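Read in order, the letters of the sequence shown correspond to residues 84 to 556 in this note's numbering. In this text, a Cβ means the ideal position worked out from N, Cα and C, and glycines have one as well. Since this is a predicted model, take the numbers as computed values, not measurements. See structure below.
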Amino acid sequence: MAISPLAPSWLSFPADANALVPNQWAAGVARAESGELAVQGIPVSALAQEFGTPLFVLDEDDFRARARGFKQAFDEAFKDLCGGVDVYYAGKAFLSTEVARWVTAEGLRLDTCSGGEMAVARVAGVPAENLSLHGNNKSVSEITTAIENGVGRIVVDSLDELERVGALASQLGSTANVMLRLTPGVHASTHEAIATAHEDQKFGLSMIGVGDENSPADTAVSFALEHPELNLLGLHAHIGSQIFEAEGFELAAQKLMGFLAHIKTIHGVELPELDLGGGYGIAYTEVDTPSSPVTLAAAMAATVWQTATELGIKIPRISIEPGRAIAGSSTFTLYETGVRKTVHVESTAGELAPRRYVSVDGGMSDNARPVLYDADYSAVLASRVTASDPIISRVVGKHCESGDIVVRDVYLPEDVAAGDLLAVPGTGAYCWALASNYNYLGRPAVVAVRNGAARAIIRRETEADLLARDLGA
Numbered sequence: 084m085a086i087s088p089l090a091p092s093w094l095s096f097p098a099d100a101n102a103l104v105p106n107q108w109a110a111g112v113a114r115a116e117s118g119e120l121a122v123q124g125i126p127v128s129a130l131a132q133e134f135g136t137p138l139f140v141l142d143e144d145d146f147r148a149r150a151r152g153f154k155q156a157f158d159e160a161f162k163d164l165c166g167g168v169d170v171y172y173a174g175k176a177f178l179s180t181e182v183a184r185w186v187t188a189e190g191l192r193l194d195t196c197s198g199g200e201m202a203v204a205r206v207a208g209v210p211a212e213n214l215s216l217h218g219n220n221k222s223v224s225e226i227t228t229a230i231e232n233g234v235g236r237i238v239v240d241s242l243d244e245l246e247r248v249g250a251l252a253s254q255l256g257s258t259a260n261v262m263l264r265l266t267p268g269v270h271a272s273t274h275e276a277i278a279t280a281h282e283d284q285k286f287g288l289s290m291i292g293v294g295d296e297n298s299p300a301d302t303a304v305s306f307a308l309e310h311p312e313l314n315l316l317g318l319h320a321h322i323g324s325q326i327f328e329a330e331g332f333e334l335a336a337q338k339l340m341g342f343l344a345h346i347k348t349i350h351g352v353e354l355p356e357l358d359l360g361g362g363y364g365i366a367y368t369e370v371d372t373p374s375s376p377v378t379l380a381a382a383m384a385a386t387v388w389q390t391a392t393e394l395g396i397k398i399p400r401i402s403i404e405p406g407r408a409i410a411g412s413s414t415f416t417l418y419e420t421g422v423r424k425t426v427h428v429e430s431t432a433g434e435l436a437p438r439r440y441v442s443v444d445g446g447m448s449d450n451a452r453p454v455l456y457d458a459d460y461s462a463v464l465a466s467r468v469t470a471s472d473p474i475i476s477r478v479v480g481k482h483c484e485s486g487d488i489v490v491r492d493v494y495l496p497e498d499v500a501a502g503d504l505l506a507v508p509g510t511g512a513y514c515w516a517l518a519s520n521y522n523y524l525g526r527p528a529v530v531a532v533r534n535g536a537a538r539a540i541i542r543r544e545t546e547a548d549l550l551a552r553d554l555g556a
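Written out as structure tokens, the structure is:
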């Protein structure tokens with residue numbers, strides 16, 4: 084079998100279709116002697132038999148190690164600059180009560196962006212002072228809950244919201260800790276839908292015209308400092324998601340620290356905190372080359388030190404918000420294959436070439452990222468090894484949508500057939516979190532594996548669950 088003319092240029096023809104690309108998988112994932120994929124020695128067939136498919140399989144030890152790795156790397160890089168770093172796990176990537184407890188145990192704090200996520204944190208026993216609340220349109224109820232429970236900080240997105248938080252804090256006879264989310268205008272090399280620091284989008288206060296009394300950023304600072312019910316902790320920026328290099332974060336740090344120096348000059352105040360956000364990328368495909376926490380931390384620390392020195396300001400307490408980089412590669416989705424078909428497609432060179440469609444028992448209801456962001460994934464035959472030739476394939480779901488694609492381009496063995504198990508790595512972030520009940524499919528279970536034992540941390544939805552809110556049922 085030869086390289087397919089339908090394959091994208093970045094996809095190489097596999098020398099061994101059974102091989103795993105190490106940086107796409109959790110540390111505990113490997114092929115057993117039988118050839119079957121296993122997690123900490125547990126074969127996927129056993130997981131499928133006990134918990135069903137589709138199934139999110141999470142290596143808890145790997146998840147915890149990634150969380151711990153960020154905390155250790157950034158604390159080490161910043162210990163002589165500001166005493167360390169506050170690492171907030173971005174719960175929007177994937178959150179459950181167990182996950183909230185894991186990150187707390189590993190020394191991280193938790194970033195939430197809704198009343199529901201705050202409720203998960205509360206049930207998990209996360210101290211309120213270790214929480215942050217994000218969101219561009221927080222409700223009165225959410226803000227009130229955050230203030231009443233003593234949430235550590237509310238990240239404010241707009242002047243309207245700043246006024247709302249101040250009014251509610253005043254009504255409650257309390258003080259709200261706030262950070263101002265700014266849009267520093269840094270271009271992040273990522274999909275437009277997940278680039279969040281440019282001007283023309285819904286998040287953040289504009290930094291255009293800083294120094295002008297009409298600048299949104301300047302106006303927000305003045306308002307916060309003039310109202311005693313608001314405790315302005317510092318500044319925040321998030322430049323986007325799935326970013327591989329440190330340069331964007333360094334540029335954002337320079338711009339925000341320049342604004343900190345401006346605030347000191349105008350108001351005589353040195354704000355104590357600076358949050359540089361998250362968005363660190365992971366390996367979804369063979370060509371993705373994410374930076375390690377150690378590399379990111381060293382680059383960002385050097386920039387913060389140099390910028391503070393040049394500006395003559397004190398280095399604020401730094402915080403970061405990794406989510407995908409902790410959860411993403413810790414998890415894969417296990418599917419059972421169903422029907423397959425082969426079509427012949429005209430390539431850009433005008434020749435006809437075969438493409439294999441392999442259908443699985445999930446799809447866009449458990450992984451919406453391909454249809455939302457044109458996200459690429461990989462896949463392997465998980466239930467066995469084979470000597471069959473690889474063929475360019477497309478893994479598709481069972482939903483009534485032609486765009487229901489799980490993996491757009493992958494070389495899979497030609498003999499993949501109904502009943503086989505496929506594994507798609509890198510699905511720990513924004514897959515279960517974005518899952519839906521489209522076509523009335525129940526959302527999959529999530530199984531965590533630790534010390535060689537598996538347990539469900541989120542059960543599979545049943546038809547009874549799907550009908551529970553239908554008042555005519």
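A check of alpha carbon separations from L357 across A303, N297 and P399 identifies P399 as the nearest. Here the alpha carbons of V370 and P91 stand approximately 12 angstroms from one another. By the Cβ rule, the stretch 244-264 counts as touching the stretch 216-232, because three or more pairs are nearer than 8 angstroms.
Within a 10 Å sphere around the beta-carbon of V422 sit fewer than 16 other beta-carbons, which makes this residue exposed. Per the coordinates, the alpha-carbon of F306 lies some 34 angstroms from the alpha-carbon of L178.
Spanning the alpha carbons of L214 and A252 requires a straight line of approximately 17 angstroms. DSSP places M201 inside the alpha helix (DSSP H), whose first and last residues are G198 to A207. Checking the DSSP bridge columns, you'll see A121 partnered with A113 and P126. When beta bridges are read from the DSSP output, G317 appears opposite M262 and E356. A buried status is given to K338, since no fewer than 16 other beta-carbon atoms sit within 10 Å of its beta-carbon. Scanning its chain for C-beta atoms nearer than 8 angstroms, with the 5 sequence neighbours on each side dropped, one finds around S461 the residues V104, Q107, Y367, T368, E369, V490, V493, V507, P508 and G509, in chain order. Residue state for Y440 is assigned as strand, using DSSP reduced to three classes.
Within the model, the alpha-carbon separation for T545 versus E353 is close to 54 angstroms. Around the beta carbon of F332, 16 or more other beta carbons sit within 10 angstroms, so the residue counts as buried. Annotated three-state conformation of E429 is strand, per DSSP.
Taking a C-beta distance under 7 angstroms as the contact criterion, S413 and D142 qualify as a contact pair. For T425, the number of other beta carbons within 10 angstroms of its own is below 16, and it is reported as exposed.
Taking a cut-off of 8 angstroms on C-beta distances, the stretch 510-529 touches the stretch 162-177, as three or more cross pairs fall below it. Burial of D240 is indicated by the presence of at least 16 other C-beta atoms within 10 angstroms of its C-beta. Residues of the same chain with a CB within less than 6 angstroms of the CB of E404, apart from the 5 flanking positions on each side, are Y171, A173, D194, G360 and G361 in chain order. Counting only runs of 3 or more residues that sit fully inside the stretch 165-200, the beta strand (DSSP E) segments are 168-173 and 192-195, in chain order. C-alpha of V140 to C-alpha of A381: approximately 32 angstroms in a straight line. Between the beta-carbon of R407 and that of Y363 there is about 7 angstroms, and that keeps the pair under the 8 angstroms contact cut.
DSSP places D142 inside the beta strand (DSSP E), whose first and last residues are L138 to D142. Close CB contacts of G445 within its chain, under the 8 angstroms cut and outside five residues either way in sequence, are with T136, P137, T416, Y418, G480, K481, V489, L524 and P527 (chain order).
The residues L265, M290, V293, A300 and L318, in chain order, have a CB closer than 8 angstroms to that of F342 in the same chain once the five nearest residues on each side in sequence are set aside. Residue burial annotation: Q254 is exposed, with fewer than 16 other C-beta atoms found within 10 angstroms of its C-beta. Under the three-state reduction of DSSP, S289 is assigned to strand.
In the structure shown, K347 adopts helical secondary structure according to DSSP, grouped into three states.
For L495, the enclosing beta strand (DSSP E) stretches over residues I488 to P496. Annotated three-state conformation of T392 is helix, per DSSP. Residue burial is scored here from C-beta neighbours: S476 has at least 16 other C-beta atoms within 10 angstroms and is therefore classed as buried. The shortest CA-to-CA distance from S224 to any of E133, V206, G199 and A335 is the one to G199. The bridge partners DSSP lists for I541 are V529.
Scanning its chain for C-beta atoms nearer than 8 angstroms, with the 5 sequence neighbours on each side dropped, one finds around A148 the residues A110, in chain order. Of all C-beta pairs linking the stretch 433-440 to the stretch 120-135, fewer than three are shorter than 8 angstroms, placing the two stretches out of contact.
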